[in-house]
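2 protein chains.
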Amino acid sequence: MRPQLHPLSFKGSIDKLQQSAPYMKEDTTFQLLLSSINEKVRLTETEMQVCKSFFTPKKLLKKQLLLQHQEVCHFIAFVVQGILRSYTVDAKGNEHVVQFALEGWWISDNYSFLTGEPSTYNIDALEDAELLLLSRPAMDELLLKVPAMERYFRILMQNSLVALQRRLVGSLSYTAEEKYTNLIRTYPDIAQRVPQHQIASYLGIKPETLSRIRKQLTSR
Amino acid sequence: MRPQLHPLSFKGSIDKLQQSAPYMKEDTTFQLLLSSINEKVRLTETEMQVCKSFFTPKKLLKKQLLLQHQEVCHFIAFVVQGILRSYTVDAKGNEHVVQFALEGWWISDNYSFLTGEPSTYNIDALEDAELLLLSRPAMDELLLKVPAMERYFRILMQNSLVALQRRLVGSLSYTAEEKYTNLIRTYPDIAQRVPQHQIASYLGIKPETLSRIRKQLTSR
DNA sequence: GCAGCGCCTTGACCTGCATCAAGAAATGGC
DNA sequence: GCCATTTCTTGATGCAGGTCAAGGCGCTGC
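Chains Z and X, in that order, are what the protein sequence lines are.
Residue numbers for the first sequence follow the numbering used here, so the first one is 1 and each next one is one higher.
Residue numbers for the second sequence follow the numbering used here, so the first one is 221 and each next one is one higher.
Following this line, the structure appears as structure tokens:
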């Protein structure tokens, strides 16, 4: 069985995190991030501390925008708690969900972040969320001070690339029903926490079609 | 105008290369690779020499396979000359072109290369080709000896990620005709050098449909 | 020169999903 | 608890692109 690959990141367990006491707050915020990093590269205790210092915590309410179309994306965001989505609005006015990000995933507009050009995406919260932001200057400095992070980000990029390539081939070769059943098999938590019409948008089908597909599936 | 981003790489000029005399062979083989690297990171003269030593030249005839489905992908390949494609065959027996690679582009199955799992892709040559292969152990050693290459590959990955994300959104929001006109606008050389039915496969449409679209377009 | 094959075109018909329209359920604010 | 809004369902109809089938054109090899 192949290990799962997630766009821009991996999915870490958060069970412990949610139960932990309030005075642990500071630690638990970074715990998920550090375990994500540790899964891919070895950092010394000091490097981890340095790392932490470059991130800015941020809270977001449901529906609140983190990034708006035509703004420059000045950060990449690590999701500590909640769900975010990035989406575009095409020439015909249709929204297309590009990515969901749950706990332990990264989200941003890479293109805008890297080039400084205005973004073509919007990013907002589908649930109240807690994030750790890494700004462009912070990232540049972090990579200088902790070169191992260069490797971490390369691995992230490669994993997302692979996941995205699969999604693309899937979008070309599967029927709407197959796309949906693949999704709920691969990311059952998304299917449960995200409204159906958002999932439809992610899959590139209409909410009506998804509704009919679900009806079909339950009747079997 | 946005700089173009190419899946897994960039497109470098090869005009000079093709005109150069035979005794320059050795140099011209690496020239394109080095200029690709220099565009993204600064290497010392020594580092460039070290870099070269890790690559293995390889020639491929038209239709020859570089990687076969279910083999492990032991390399990433830089295209010096010619055109390659990677493709999958889905459950219904349909081929899907995942990527084309022209001069100056990289091609491989990243997933298989990174994890050592058997590949789900095939890679073959659409024209006689000249490649530079970087094996997994060679890459690991290269990254140790020339850490700047870590950055080069991260940038490559990020660029491909961005390009792939656009392609995905495009595959969801554009009509077949829009997808085709986008392709010939973005990569006119692909449209000219690659047979139509391969392009149709890349776009996720049938050759018959592409033929009809082209007829429509010329009649306007 | 022509046989054979790969590639492209054209026509007739079919189908999966979109579109449009109208309610029904669920959710949330106060 | 009740109204507003958001989300989901269902039905009727349309169309982009797929499928199947046949034929043409231009290589390449002998």
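Beta carbons: idealized from backbone N, C-alpha and C, even for Gly.
Interface flag, residue i vs chain X, CB-CB below 9 Å
| i | result |
| --- | --- |
| lysine 92 of chain Z | yes |
| glutamate 103 of chain Z | no |
| leucine 142 of chain Z | no |
| alanine 129 of chain Z | no |
Short CB-CB distance (under 9 Å) between residue i and chain Z
| i | result |
| --- | --- |
| valine 414 of chain X | no |
| leucine 263 of chain X | no |
| histidine 316 of chain X | yes |
| tyrosine 336 of chain X | Contrary to the premise, residue 336 of chain X reads as glycine rather than tyrosine in this sequence. Output row for glycine 336 of chain X: interface = no. |
| proline 427 of chain X | no |
| asparagine 330 of chain X | yes |
| threonine 308 of chain X | yes |
| glycine 302 of chain X | no |
Within 9 Å, strictly: CB atoms of residue i and residue j
| i | j | result |
| --- | --- | --- |
| alanine 101 of chain Z | leucine 60 of chain Z | no |
| proline 172 of chain Z | serine 391 of chain X | The amino acid at residue 172 of chain Z is misidentified as proline; the sequence shows leucine. The answer is yes: Cβ separation under 9 Å. |
| valine 456 of chain X | tyrosine 307 of chain X | In the structure as shown, chain X begins at 221 and stops at 440. Residue 456 of chain X is therefore absent and cannot be evaluated. |
| leucine 161 of chain Z | leucine 384 of chain X | yes |
| valine 300 of chain X | threonine 249 of chain X | yes |
| isoleucine 425 of chain X | valine 261 of chain X | no |
| alanine 349 of chain X | glycine 313 of chain X | no |
| arginine 136 of chain Z | phenylalanine 54 of chain Z | no |
| aspartate 218 of chain Z | alanine 176 of chain Z | First, the residue type needs correcting, since residue 218 of chain Z is threonine and not aspartate in the sequence shown. Not closer than 9 Å, so no. |
| tyrosine 121 of chain Z | cysteine 73 of chain Z | yes |
| glutamine 158 of chain Z | leucine 334 of chain X | yes |
| lysine 278 of chain X | leucine 388 of chain X | no |
Beta-carbon proximity list for residue i, same chain, < 7 Å, skipping 5 on both sides
| i | result |
| --- | --- |
| methionine 268 of chain X | Leu254 |
| proline 22 of chain Z | With a pLDDT of only 43 at proline 22 of chain Z, under the threshold of 50, the placement of this residue in the model should not be trusted, and no figure is reported. |
| isoleucine 107 of chain Z | Leu8, Ala77, Val79, Leu84, Ser86, Gln99, Ala101 and Ile123 |
| histidine 197 of chain Z | Pro207 |
| valine 194 of chain Z | Ile83, Phe100 and Leu126 |
| phenylalanine 363 of chain X | This sequence places leucine at residue 363 of chain X; phenylalanine is not what is there. Contacts found: Met369 and Glu370. |
| tyrosine 372 of chain X | Ile257, Lys260 and Val261 |
| alanine 358 of chain X | Phe274 |
| isoleucine 453 of chain X | Chain X is shown from 221 up to 440; residue 453 of chain X falls before or after that span and cannot be answered. |
| glycine 116 of chain Z | Val72 |
| glutamate 265 of chain X | none |
Same chain, Cβ closer than 6 Å to residue i, neighbours up to 5 away in sequence not counted
| i | result |
| --- | --- |
| glutamine 290 of chain X | Pro338 |
| isoleucine 190 of chain Z | Phe100 |
| glutamine 64 of chain Z | Ala125 |
| valine 309 of chain X | Glu315 |
| arginine 166 of chain Z | none |
| methionine 24 of chain Z | Confidence at methionine 24 of chain Z is low in this model, with a pLDDT of 48, below 50, so its placement is unreliable and the value that follows should be read with caution. So the list is empty, once near-sequence residues are dropped. |
| glycine 232 of chain X | Residue placement at glycine 232 of chain X is poorly supported in this model, since its pLDDT is 32, which falls under 50; the coordinates still yield a value, given next. Excluding residues within five positions, the ones whose Cβ falls inside 6 Å are Leu252, Ser255, Ser256 and Gly324. |
| threonine 276 of chain X | Leu353 |
Own chain residues within Cβ distance below 8 Å of residue i, not counting five before or after
| i | result |
| --- | --- |
| alanine 420 of chain X | Lys426, Pro427, Thr429 and Leu430 |
| lysine 179 of chain Z | Gly170, Ser171, Leu203, Gly204 and Ile205 |
| valine 146 of chain Z | Leu43, Glu47, Val50 and Cys51 |
| aspartate 109 of chain Z | Leu67, Cys73, Ser86, Ser119, Thr120, Tyr121 and Ile123 |
| tyrosine 394 of chain X | Asn402 |
| glutamine 436 of chain X | Glu397 |
Unbroken stretches of the alpha helix (DSSP H), 4 residues or longer, contained in the stretch 90-115 of chain Z:
110-115
Positions along the stretch 367-382 of chain X whose CB lies within less than 9 Å of some CB in chain Z
Pro367, Glu370, Arg371, Phe373, Arg374, Ile375, Leu376, Met377, Gln378, Asn379, Ser380, Leu381 and Val382
Ignoring anything shorter than 3 residues or poking outside the stretch 123-195 of chain Z, list the beta strand (DSSP E) runs there in chain order.
Note on the stretch 123-195 of chain Z: whole beta strand (DSSP E) runs with a minimum of 3 residues are 129-135, in chain order.
Anything in the stretch 381-413 of chain X with a Cβ closer than 7 Å to a Cβ of chain Z? List those residues in chain order, please.
Leu381, Val382, Leu384, Gln385, Arg387, Leu388, Val389, Ser391, Leu392 and Ser393
Go through the stretch 27-61 of chain Z residue by residue and report every complete run of the alpha helix (DSSP H) that reaches 4 residues or more, in order.
45-53
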